[in-house]
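Visitor:
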Amino acid sequence: MSDESVRPSKFFDEESQSWRCISHLFPTANATPKSVVLNLGQSKPHFCHLALYKRKPKGRHSLNQDGSTKASKTSLTAARGAKESWLLISSLPKNSSFAKKSVKVYQTRMQIEESFRYMKNTKFGLGFEHNHTKILARMKLLVLLTTLTAMVLILLGKVVELVGLSYRFQSTSTRKRRVLSHFFWVKEHYQRTSKSPSNNGEKELGNSPNICSKEKVLWFKFAGIPQH
Numbered sequence: 001m002s003d004e005s006v007r008p009s010k011f012f013d014e015e016s017q018s019w020r021c022i023s024h025l026f027p028t029a030n031a032t033p034k035s036v037v038l039n040l041g042q043s044k045p046h047f048c049h050l051a052l053y054k055r056k057p058k059g060r061h062s063l064n065q066d067g068s069t070k071a072s073k074t075s076l077t078a079a080r081g082a083k084e085s086w087l088l089i090s091s092l093p094k095n096s097s098f099a100k101k102s103v104k105v106y107q108t109r110m111q112i113e114e115s116f117r118y119m120k121n122t123k124f125g126l127g128f129e130h131n132h133t134k135i136l137a138r139m140k141l142l143v144l145l146t147t148l149t150a151m152v153l154i155l156l157g158k159v160v161e162l163v164g165l166s167y168r169f170q171s172t173s174t175r176k177r178r179v180l181s182h183f184f185w186v187k188e189h190y191q192r193t194s195k196s197p198s199n200n201g202e203k204e205l206g207n208s209p210n211i212c213s214k215e216k217v218l219w220f221k222f223a224g225i226p227q228h
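Under full-length UniProt numbering, the first residue of the sequence shown is numbered 1, with each subsequent residue one higher.
1. Counting C-beta neighbours from all protein chains within 10 Å, is the total for residue 72 16 or more, i.e. buried, or is it exposed?
2. Taking the alpha carbon of residue 52 as the reference point, which residue from 75, 157 and 24 has its own alpha carbon closest?
3. Can you tell me whether residue 54 is buried or exposed? The criterion is at least 16 other CB atoms within 10 Å of its CB, across all chains shown.
4. Does residue 32 come out as helix, strand or coil in the three-state DSSP assignment?
5. For the alpha helix (DSSP H) containing residue 112, list its first residue and its last residue.
6. Indicate whether the contact test is met: 3 or more Cβ pairs, each with one atom in the segment 113-129 and one in the segment 146-156, closer than 8 Å.
7. Identify which residue in 107, 92 and 189 has its Cα closest to the Cα of residue 48.
8. To the nearest angstrom, report how far apart residue 12 and residue 26 are at their CA atoms.
9. To which residues of the same chain is residue 86 closer than 8 Å at the C-beta, ignoring the five residues directly before and after it?
10. Only counting the same chain, and skipping five residues up and downstream in sequence, which positions put a Cβ closer than 6 Å to that of residue 36?
11. Can you list, in chain order, the residues of its chain whose CB lies under 6 Å from that of residue 139, leaving out five sequence neighbours each side?
12. If you follow the beta strand (DSSP E) that residue 10 is part of, which residue opens it and which one closes it?
13. Pull up the DSSP beta-bridge partners for residue 47, would you.
14. If we ignore side chains and look at the alpha-carbon of each, how far apart do residue 10 and residue 39 end up?
15. Excluding sequence positions up to five away, which residues of its chain have a Cβ less than 7 Å from the Cβ of residue 64?
16. Within the continuous alpha helix (DSSP H) that includes residue 244, where are the two ends?
17. With H, G and I counted as helix, E and B as strand and the rest as coil, what does DSSP make of residue 69?
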């Protein structure tokens with residue numbers, strides 16, 4: 001089973017009887033997944049079943065320290081990418097739920113990729129990228145330790161949400177849905193409370209029943225693990 005996002009290419013428009021850029025379809029996309037059948041590839045035409053979808057805006061903004069919106073090339077590129085419509089090719093069965101299932105599978109794939117980022121990235125996660133081992137057995141052990149640690153942190157992030165501390169870490173004021181990951185919440189809470197031992201957030205967590213304080217949080221940094 002595969003789901004791939006299609007980059008702008010050519011499709012044959014039956015109405016105009018001409019080849020047009022796939023981006024012409026994007027304005028018709030909305031939050032309801034739609035199944036479309038297109039003749040793709042001007043050099044080697046072939047019919048494909050695709051799912052067209054556009055996510056609802058999540059209200060996220062990357063801000064500078066003064067509260068203004070970042071205008072760097074990286075931030076603007078990421079913002080444009082978040083606004084793009086999805087045009088997905090999938091090998092899922094072609095039935096009435098094809099479009100909806102294709103979008104759901106692709107969203108799951110994106111969540112898995114985000115989990116890998118949390119595992120590998122030093123800035124945003126556990127720093128697995130610093131392991132330099134070439135031994136398969138050691139690699140398996142490190143992956144297992146990282147996975148278990150990520151699971152613990154996600155559970156602690158859920159605790160942060162349940163005690164009502166999560167909303168201080170997001171720029172939006174919505175209370176109806178979660179816009180940030182549990183991993184992000186516990187990471188932000190840990191970093192803030194570790195800088196200030198008298199932080200109110202730490203007191204709230206420490207006084208709550210069955211809640212782990214920051215001293216009990218396991219925080220891996222693979223840079224400190226011998227790799228040979």
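Cβ coordinates follow ideal geometry from the N, Cα and C atoms, glycine included.
Guide: In short, the structure shows the following:
1. On the sequence shown, position 72 is the one that residue 72 refers to. The residue is exposed, with fewer than 16 neighbouring Cβ atoms inside 10 Å.
2. Numbered from its first residue, the sequence shown carries residue 52 at position 52. Closest by alpha carbon: 24.
3. As a first step, residue 54 is located in the sequence shown; it is residue number 54 there, counting from the start. Buried: at least 16 other Cβ atoms inside 10 Å.
4. On the sequence shown, residue 32 is found 32 positions in, with the first residue counted as 1. Residue 32: coil per DSSP, three-state reduction.
5. Taking the first residue of the sequence shown as 1, we reach residue 112 at position 112. Taken as a continuous stretch (DSSP letters only), the alpha helix (DSSP H) holding residue 112 covers 98-120.
6. yes
7. As a first step, residue 48 is located in the sequence shown; it is residue number 48 there, counting from the start. The residue with the shortest Cα to Cα distance from residue 48 is 92.
8. For the purposes of this step, residue 12 is taken as the residue at position 12 of the sequence shown. For the purposes of this step, residue 26 is taken as the residue at position 26 of the sequence shown. Cα-Cα distance, rounded: 15 Å.
9. Indexing the sequence shown from 1 puts residue 86 at position 86. Correct list, in chain order: 5, 29, 51, 52, 53, 54, 55, 103 and 106.
10. For the purposes of this step, residue 36 is taken as residue 36 along the sequence shown, with counting starting at 1. Correct list, in chain order: 50 and 52.
11. Here the question's residue 139 lines up with position 139 in the sequence shown. Excluding positions up to five away in sequence, the list reads 133.
12. The count along the sequence shown starts at 1 and reaches residue 10 at position 10. Where residue 10 is concerned, the enclosing beta strand (DSSP E) stretches over 10-13.
13. Indexing the sequence shown from 1 puts residue 47 at position 47. Answer by DSSP bridge pairing, in chain order: 39.
14. Taking the sequence shown and counting its residues from 1, the one referred to as residue 10 is at position 10. Taking the sequence shown and counting its residues from 1, the one referred to as residue 39 is at position 39. In a straight line, the C-alpha of residue 10 is about 9 Å away from that of residue 39.
15. For the purposes of this step, residue 64 is taken as residue 64 along the sequence shown, with counting starting at 1. Same-chain partners within the cutoff: 70.
16. The chain is shown from 1 up to 228; residue 244 falls before or after that span and cannot be answered.
17. For the purposes of this step, residue 69 is identified with residue 69 of the sequence shown, where counting begins at 1. Strand.
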